[in-house]
Structure formats: structure tokens, C-alpha cells
Amino acid sequence: MYTPEKMILTAGPSITQLEIDYVNDAVTNWRNSNRNWYIKKFEEKFAEYIWCAYTMSTSSCTGALHVALTALWVKAGDEVLVPDITRWATASAVRYVWATPIFVDVDPKTRCISADEIEKHITSRTRAVMPVYNYGNAPEMDKIMEVARKHNLFVVEDAAPGIGTTYKWKKAGSFGDFGCFSFQWAKIMTTWEWGMLVTNNKELFERAQFLWDHWRNPDGSFRILEVGYKYKMPNIAAALGLAQLERIDEIVGRKRAILEVYKTWLTGIDWVTLNYQDEDCKVNARMSSIVIDPKIIKISRDDLRKELKERNIDTRPFFPQLSKSDAYFTKEHDGQKEYNPNAKLIAENWINLPSGHNLTQEELLYIVDVLRSLLK
Ligand SMILES: *Cc1c(COP(=O)(O)O)cnc(C)c1O
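Position 56 (the sequence shown) corresponds to 63 in the working numbering; numbering is contiguous.
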């Protein structure tokens, strides 16, 4: 049997000569008054791709989330609903504006925030909800938008890992008041770091633009009107981003093909579920990930990961539940530590399988062979 000589990694981007050429061009040819050419182009193309009106490149998705909440006037005393399992950035952005993150349970099917659970947590202080596309999976955005409209809540989508995911023929990040994306190294398309903010609302977009660059007076007087941030993307990164975006169908296609291989070979092992999709929801498969059922399976998640590592297969666990982290609690909000049983079960039994662009067919078949033998 084929055995790999070095560790098969979980992630890894797809970089071609096109990316290298664009970056070279950005450094060599676009200076002084033209130094932002690739930024404009990248933002334009990103708007076309996401199907939304306004785009603003940012320093990161975390920065975009911060700008979004500030632009929506979310402030101290407000509550913002976030899924109990997500990367920390979602909840930390709520803290940046001195508001309180309320941790909501997830839907076991989508592994994303549940619309029904959202409704249970709404109080007179709730201002916004932040659905997250965990590892490219999709929350039921139609139901979430309905609940949000009914209760007058803003919606900020954390679509950091969701580029290319669609739900009912709309793109991830295009449903709410703002959508936020990440191009960090391990995401589906990358500029090494940096991110993007999108919206269909002109007024909100203009507010966001002020916040993004120190709220400068547009009259060129080098005065500022209010206190803002500095969350811009450089032209070099945008050059990389434009090349990645021109190749996005190929990039997402490869990810989906990897998921299909796992699906084909792991079906029939009924205590393993892979990323959920149906006719309404097509995931980008940024990570092919299994959730194992601890009631049936003989091996624990962490032991399984260890066994895989010994066979040169690297994996990643999911982030621990945020409601268990002391970082988000203050004296006034100690009482909010939630149990959230679905989030707990999923966080503790989730494994991201190798899903990098450069995985070979040989490596993939090796991984499914090892998995099938360990999961017997
Ligand atoms: C990666 C990620 C972020 C953060 O993105 P950065 O660009 O690193 O700030 C936020 N939320 C989720 C769900 C992510 O996966």
C-alpha cells in the first residue's frame, strides 16, 4: 500500500504563475497616483462574484466585523447573538464595541447557528445577529433573515470561510446588512492575510468607508471628523486576490471534488457525517470535515486524530465552545454561561480532514483507506 513520506497537511493554497505575475506587476508598474489600481479592480470583481453592490477591502475579516458593528451603531449595553461554535473573531468583534456576545446553539444538521435558537435568546437589548459559515457550511439564511426582520435586528454575516458557498441561489455574505470575508492563509482563496466587507446599503457603505480610514475629512484638509480605524488592504495583496478570484471556480471546484471523494468512500459508515448539503445549499467545501458519533464509535475524537497523525495524516479539531471561555464574560454577565448541547457535541467530535489544494489522488485514497480501517 502507498504510504506518504511526510505529513499530509489539512490546508494549503493554490498559487499559480498568474498570482506571481499580478504581484510582480503591482510592485513594478503601479505607483504614486496609480498605486491602488489592483484594489479597485479586485473590489469590483468581488462585488460581481458575491452579487452585491458595494465592496471594501480590509486588513482582515476581524477588522471588517469591527467596522460593520460600529457602522451599525452597536454599542455598550447591546446584545449580539453569535453561534457558540465559531472562530473567536466573531465574538471578539462584539467586545471591541463594548457590546455583549450571547452564545446561541447550532443546528446539528448545518453545524451553524440555528434560527429557532436565535429567537429564544432575543431580548429588548438584542441589536444584531451574526450568522457564521463555519468552515464553509451554510446556516439557513432564509429563516434567519425572517427572524431578524421580525425582531428588527441587524444581520452581520461572518462569511470569513464562506467564499463560494451558496444558499438558495444567493452567495454567502450577500443576505445581511454586511457580509465579512477573510483571505487569511488557510481560507479558500488567500492573499496571506486581509479581508473584505460587502453590503447593498449605500449609506452604511459610506459610514464604513469613513471608519476604515481614520474618518478623514474628504475635503483633503488632513483633518479628521471623528475617531476611526486604519483597516486598509495594500495593492500588492489585491493583485494576489484578483488572480485568485479569476481562478475561483477552479479553486472551489477542486475543494468540492475532494469532498466528493470523502463522501463516496465514507458513506456506509453511519456514525460519521460529512458537510451537509442539499438542493438549496451548496457548500464550498473549504474543509471536508467529519463529525463522529461518540455513542457508537469505539475511539475518541482525540485518539482518532493521534492515530491519524502517526500515519502522517494531519487533522484539525473544531474550536472549543466560546461560552466556555472566560475571555468573553464580565462581572455583569457571568450568568450567561450556556450549555448549548448541539454546539458541545459538535465541537468535541469534529475533525477537519486534509483538504488542501495540492492533495494528490493517491494521498486521498490513502486517507480514506486509513479512516475506514480505524472507524471499523
Ligand atoms: C478565519 C475566520 C475569521 C477571521 O478572519 P481573519 O481574516 O483572520 O480576521 C473570522 N471568522 C471565521 C468564522 C473564520 O473562519
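Built from N, CA and C at the ideal position, the CB exists for glycine as well.
Only a predicted model underlies this, so the values are computations on that prediction, with no experimental measurement involved.
In the three-state reduction of the DSSP assignment, Gln368 falls in the helix class, which pools H, G and I. It is roughly 46 Å from the alpha-carbon of Ser64 to the alpha-carbon of Ile303. Between Ala145 and Tyr174 a beta carbon distance of about 5 Å is seen, short of the 8 Å cut, so the two are scored as contacting. The alpha helix (DSSP H) runs of length 4 or more contained entirely in the stretch 242-292 are, from start to end of the chain, 242-253 and 255-273. The way I'd put it, the stretch 247-267 does touch the stretch 289-299; three or more beta-carbon pairs between them come closer than 8 Å. In terms of side-chain proximity, the C-beta atom of Ser67 is found nearer than 7 Å to a non-hydrogen atom of ligand 1.
The stretch 209-216 makes contact with the stretch 64-81: 3 or more CB pairs, one atom from each, lie closer than 8 Å. For the 8 Å CB-CB criterion, Ile276 and Leu381 do not form a contact. DSSP places Ser295 outside any beta strand (DSSP E), giving it a letter other than H or E. The beta carbon of Asp32 is closer than 7 Å to those of Ala246 in its chain, skipping five residues each way along the sequence. Short of 7 Å from the beta carbon of Ala100, and not among the five residues preceding or following it, lie these beta carbons of its own chain, in chain order: Thr69, Leu72, His73 and Leu76. With three or more CB-CB distances shorter than 8 Å, the stretch 278-289 counts as touching the stretch 164-180. For Tyr335 against Ala98, the beta-carbon gap comes to about 5 Å, under 8 Å, which counts as contact. With a threshold of 7 Å, the Cβ atom of Pro138 does not count as near ligand 1, since no heavy atom of the ligand is closer than that. Taking C-beta atoms as the reference points, Pro108 and Val139 fail to come closer than 8 Å.
Shown here, Asn349 sits in a helix according to DSSP, grouped into three states. Apart from the 5 residues on each side of it in sequence, Tyr238 sits with its Cβ closer than 7 Å to the Cβ of Thr65, Ser66, Gly70, Val74 and Trp219 in its chain, given in chain order. Note on Ser362: 16 or more other CB atoms within 10 angstroms of its CB, so buried under the neighbour-count rule.
Fewer than three Cβ pairs drawn from the stretch 120-129 and the stretch 359-379 lie within less than 8 Å of each other, which leaves the two stretches out of contact. The continuous stretches of alpha helix (DSSP H) do not include Met196, and DSSP gives it neither H nor E.
Thr107 has Glu86 as its beta-bridge partners, per DSSP.
Using a cutoff of 7 Å, the CB of Gly180 does not count as near ligand 1, since none of the ligand's heavy atoms is closer than that. The closest heavy atom of ligand 1 lies 7 Å or more from the beta carbon of Lys239.
Beta-bridge partners of Cys187 (DSSP): Asp165 and Leu204. In this chain, the beta strand (DSSP E) harbouring Met63 covers Tyr61 to Thr65. The continuous stretches of beta strand (DSSP E) do not include Trp176, and DSSP gives it neither H nor E. Judged by their CB atoms, Ile299 and Val377 are not nearer to each other than the 8 Å cut-off. Of the residues Asn159, Trp278 and Asp149, the one whose Cα lies closest to the Cα of Ser131 is Asn159. Nearest neighbour of Asp112 by Cα position, chosen from Leu360, Lys194, Glu12 and Ala354, turns out to be Ala354. Taking a contact as a CB-CB distance under 8 Å, the pair Phe190 and Gly202 counts as one, their CB atoms being some 6 Å apart. Taking non-hydrogen atoms of ligand 1 into account, the C-beta of Gly202 is found less than 7 Å away from one of them.
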